[in-house]
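Colleague: Dropping a structure here in structure tokens format, bear with me for questions.
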Amino acid sequence: MTGRKAEQPPISCAECRASLQDYLDGTMVKTESMRVFLHLRDCADCEAVHRQWQATFEALESMPELEPPADFDARVLAAVPYDSYRAMAELRAPRVPVIFAEESLPAVVRSPVTRLAGMVVAAGAGVAMGWFDGPSSLAYLVLAGLLPEAVVRLQGALRGAVLVLQRDRGRA
Ligand SMILES: [Zn+2]
Numbered sequence: 002m003t004g005r006k007a008e009q010p011p012i013s014c015a016e017c018r019a020s021l022q023d024y025l026d027g028t029m030v031k032t033e034s035m036r037v038f039l040h041l042r043d044c045a046d047c048e049a050v051h052r053q054w055q056a057t058f059e060a061l062e063s064m065p066e067l068e069p070p071a072d073f074d075a076r077v078l079a080a081v082p083y084d085s086y087r088a089m090a091e092l093r094a095p096r097v098p099v100i101f102a103e104e105s106l107p108a109v110v111r112s113p114v115t116r117l118a119g120m121v122v123a124a125g126a127g128v129a130m131g132w133f134d135g136p137s138s139l140a141y142l143v144l145a146g147l148l149p150e151a152v153v154r155l156q157g158a159l160r161g162a163v164l165v166l167q168r169d170r171g172r173a
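Numbering (our numbering), first residue to last: 2 to 173.
Structure follows, in structure tokens:
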């Protein structure tokens, strides 16, 4: 015990009840737990709720643990109607390696704004090179501008190819 100086202000009934589960789990910081304890000591209403929770927890803990039977998975799957199983084919089939999944590209690259801006930059640099006989280093700008769109398209093409391959393999 650390003396009376560090005493916390009392908590309200609402705060007390919101904390009851953590209090019973024993997962609260000690000082917080103490505040709940002090409130329960002085508040008959909250103490009644506390007792109910405690009884519920004890009832739950005294229940026997059930092990699922060994063939549980197989039985659940066998109970799924074949039509439902087929209806889920869409969900099961199209799995592509992560690198081909659209989400694997940074959102910045995928963003239509980035792709459009890149193409505008590339077009601008290309025009400047041709019309104004600009420096050839602008070619890098053309490439850099086209890059986001190119990456997204290349990934899309590869993803499509992988899906086609998978479909053919599934059929064979
Ligand atoms: Zn209370």
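C-beta atoms are modelled at their ideal positions from N, C-alpha and C, and glycine is treated no differently. In this text, all values refer to a predicted model and were calculated from it rather than measured experimentally.
Report back the beta-carbon spacing between residue 92 and residue 120 to the nearest angstrom; my notes put them in contact at under 8 Å.
Modeller: Not confirmed; about 35 Å, so no contact.
Colleague: Whose C-alpha, out of 169, 50, 135, 9, is nearest the C-alpha of residue 30?
Modeller: Considering only alpha carbons, the answer is 9.
Colleague: Looking at ligand 1, does it come within less than 8 Å of residue 26, judged from the CB to the closest heavy atom?
Modeller: Because no heavy atom of ligand 1 lies under 8 Å away, the Cβ of residue 26 does not count as near it: no.
Colleague: With distances taken from each beta carbon to the nearest heavy atom of ligand 1, which residues come in below 6 Å, in chain order?
Modeller: This selection yields 14, 17, 40, 44, 46, 47.
Colleague: Distance cutoff 9 Å, beta carbons only. Does residue 22 sit that close to anything in chain B?
Modeller: In summary, chain B is missing from the structure at hand, where a single protein chain is found.
Colleague: Roughly how many angstroms lie between the CA atoms of residue 128 and residue 145, to the nearest whole one?
Modeller: Cα to Cα, the separation comes out at about 15 Å.
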